[in-house]
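To start, the structure under review is shown below, and the notes come after it.
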Amino acid sequence: QSNSDGALNAQIKKITGTQNDLRKLTMKQMASLLRSYGMKDKQIGVLKRWDRVHVIRDLSTKAASDGMGDEMERFARGEKLRLSDQRQNYKERIQEIWRRQIVALTADAGNEVAA
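Residue numbers (our numbering): 719 to 833.
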C-alpha cells in the first residue's frame with residue numbers, strides 16, 4: 719500500500735511541480751519575488767500570504783501576456799476564453815466536421831452511381 723502511495727505522490731509532484739507551485743513558497747521567497755517585480759517592502763509587508771500569492775500570479779500573468787519572457791512566467795495562468803468565444807470556436811469546429819462529412823458522402827455517392 720505504501721508503494722502505491724509513493725507512486726501517487728510522485729505523480730502529483732509531476733503534475734504540479736514544486737517550482738511552479740506558489741503555495742509551497744515561503745513568505746520570504748514570495749517577498750523576494752514581489753521585490754523583483756518592483757514592489758516596495760512597505761507594500762509587501764502589509765500583504766498576507768494568500769494576497770502575496772494572488773499578486774505574484776497576477777503580475778506574472780501580465781508579464782507573460784506582455785511577452786516579457788522572464789523566469790516568472792512559470793507562475794502565470796493562461797487566459798480563459800469568454801463563453802461567446804468558446805461557442806464560436808465550437809461552431810467553427812462543427813462546421814468543419816459537417817463540411818468534411820458532406821464531401822465524403824458526396825464522393826461515396828458519386829462512386830456508387832458510376833458503378
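Quick reminder that beta carbons are idealized off the backbone N, C-alpha and C, glycines included.
Tell me, to the nearest whole angstrom, how far the beta carbon of residue i is from that of residue j; I am working on the premise that it is less than 8 Å.
{"i": "V771", "j": "L740", "result": "5 Å"}
{"i": "M748", "j": "I774", "result": "6 Å"}
Please return the same chain residues whose Cβ sits closer than 7 Å to the Cβ of residue i, not counting the five positions on each side in sequence.
{"i": "L765", "result": "V773"}
{"i": "Y755", "result": "L777"}
Can you name the start and end residues of the alpha helix (DSSP H) that residue i belongs to?
{"i": "K746", "result": "745 to 754"}
{"i": "D759", "result": "759 to 764"}
What does a CB cutoff of less than 8 Å around residue i pick up in its chain, not counting 5 residues either side in sequence?
{"i": "A822", "result": "none"}
Tell me which residues share the same chain as residue i and place their Cβ nearer than 6 Å to its Cβ, disregarding the 5 neighbours each side in the sequence.
{"i": "I815", "result": "none"}
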